[in-house]
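Student:
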Amino acid sequence: METPSLDPVLPAEGRHVLHLFFHVDYGAWDLLEGVQKIEAKTALAVLIQEIRATPATQLLMFSLVTPKADLGFMLVTPDLQAADAFAKQLTLALGPGILVPEFSWLSMTERSEYTTSVEEYAVTLASEEKLAPGSPEFAEKMTTFEKRMEKYRKDRLEPNLPDWPVMCFYPMSKRRGLEGQNWYALDFAIRKKLMAGHARVGRTYSGRILQLITGSTGLDDMEWGVTLFAKTTSEIKAIVYEMRFDEVSAQYAEFGEFFIGLQMPLDSLFARLTL
Ligand code: 76R
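Position in the sequence shown (first residue = 1) + 8 = this note's numbering.
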């Protein structure tokens, strides 16, 4: 049932993102009759379809590996009212007390403040590639750049997440300590240079890792949610390890708990969970 007539709570741009991880209370589940179990699973399946039919909305689900949690959802949708309603409906869909919330994260998609601007790129073209502003080559490179940046902006703000099987989630903050390890006290130019190094490492994983960095400053207990998708755990382990040596992570990163999920369709998830 929808909450009647509340105005949507929309971000200035992008989407709200909720990671919702649950345990199954098997004691409560086992008290249900066979027919009630079937009804419960149908109710969840119907709800998932309904959520997925919402414009600009993606709902992913996972079996979570290790008993930190049993199953998880990742919801990407613009309106926080809808996100909140869907989260509560998902929690209750199998019946009261069956899904027990274990971990959650609220964040938003965001554009990066460190991306190269059109003006900066124009300066680089003129000074490093010695192209004359106004020349056809210059114009062509600018167009290519603008198209690339538009796709990049869209991927960050309005992501279309893959169905790759391995998902890794962890919260992260940038350090605000003493002894020069305060990210927020660094000049913008230095942060930008460091982030360029980070991106260089990241880009070597192109096609193997899809990363979605969502901002949670003011929304949850750390500053970002890091969601990585891969086809194997080896890629996850490799990128997180390699990033540890990159200065941004080595000097300034702090991490929360790590979760590994396996993305799968609902019938496989029910079978995996023996529901
Ligand atoms: O192409 C570009 O210009 C993208 C540049 C880029 C930004 C701005 C980028 C690229 N990231 C950016 C921002 Mn990232 N990222 C992480 C982690 O475990 C760790 O040590 C860190 C967790 C990983 C694994 C990762 C991967 N990134 C950020 C931010 C916001 C910082 C801020 O605003 O201060 C965080 C917290 C963060 C963390 N990053 C990439 C990757 C990968 C794989 C890329 C390359 C993406 C691509 O080009 O395909």
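Glycine is no exception: its CB is placed at the ideal position from the N, C-alpha and C atoms.
None of these values were measured; they are calculated from a predicted model.
Please report the residue range of the beta strand (DSSP E) in which Ser214 lies.
Tutor: Residue 214 sits at position 206 when you count from the first residue of the sequence shown. Segment: none, Ser214 is in no beta strand (DSSP E) and carries neither H nor E.
Student: Roughly how many angstroms lie between the CA atoms of Tyr129 and Arg119, to the nearest whole one?
Tutor: Residue mapping note: residue 129 aligns to position 121 of the sequence shown, counting from 1. Residue mapping note: residue 119 aligns to position 111 of the sequence shown, counting from 1. Distance between the alpha carbons of Tyr129 and Arg119: 17 Å.
Student: Suppose the cutoff is 8 Å on Cβ atoms and the five residues either side in sequence are ignored; what does the same chain contact list for Glu166 look like?
Tutor: For the purposes of this step, residue 166 is taken as residue 158 along the sequence shown, with counting starting at 1. Within the same chain, Glu166 has close Cβ partners Gly22, Arg23, Ala64 and Thr117.
Student: Give every residue of the same chain whose Cβ lies closer than 6 Å to the Cβ of Ser242, excluding the five residues on either side of it in the sequence, and list them in chain order.
Tutor: The count along the sequence shown starts at 1 and reaches residue 242 at position 234. Excluding positions up to five away in sequence, the list is empty.
Student: Pairs of beta-carbons, one from the segment 51-67 and one from the segment 89-98, closer than 8 Å: are there three or more?
Tutor: These segments touch.
Student: Compute the minimum distance between the beta carbon of Asp210 and the heavy atoms of the ligand 76R, and state whether it is under 7 Å.
Tutor: Residue 210 sits at position 202 when you count from the first residue of the sequence shown. According to the sequence provided, residue 210 is Gly. The question's Asp does not apply to it. Yes, the ligand 76R has a heavy atom inside 7 Å of this Cβ.
Student: Look up Leu236 in the DSSP assignment and say whether it is helix, strand or coil.
Tutor: Residue 236 sits at position 228 when you count from the first residue of the sequence shown. Leu236: strand per DSSP, three-state reduction.
Student: Would you check whether the ligand 76R has a heavy atom nearer than 7 Å to the C-beta of Thr222?
Tutor: The residue you call residue 222 lines up with position 214 of the sequence shown. Checking the Cβ of Thr222 against the ligand 76R gives no.
Student: Can Ile244 and Cys176 be called in contact, C-beta distance under 8 Å?
Tutor: As a working mapping, residue 244 is identified with position 236 in the sequence shown. As a working mapping, residue 176 is identified with position 168 in the sequence shown. For Ile244 and Cys176, yes; Cβs fall inside 8 Å.
Student: Among Tyr260, Glu265, Leu283 and Glu47, which has the Cα closest to the Cα of Thr74?
Tutor: Taking the sequence shown and counting its residues from 1, the one referred to as residue 74 is at position 66. Ranking Tyr260, Glu265, Leu283 and Glu47 by Cα distance to Thr74 puts Glu265 first.
Student: Please classify Tyr260 as buried or exposed, where buried requires at least 16 neighbouring CB atoms within 10 angstroms.
Tutor: As a working note, residue 260 is residue 252 in the sequence shown. With 16 or more Cβ atoms within 10 Å of its Cβ, Tyr260 is classed as buried.
Student: Tell me whether Trp191 sits in a helix, a strand or coil according to DSSP, three-state version.
Tutor: As a first step, residue 191 is located in the sequence shown; it is residue number 183 there, counting from the start. Trp191 falls in the helix class under three-state DSSP.
Student: Using 8 Å as the threshold, is the C-beta distance between Leu83 and Leu40 below it?
Tutor: Position 75 of the sequence shown, counted from the start, is the residue given in the question as residue 83. Position 32 of the sequence shown, counted from the start, is the residue given in the question as residue 40. Cβ atoms of Leu83 and Leu40: not closer than 8 Å.
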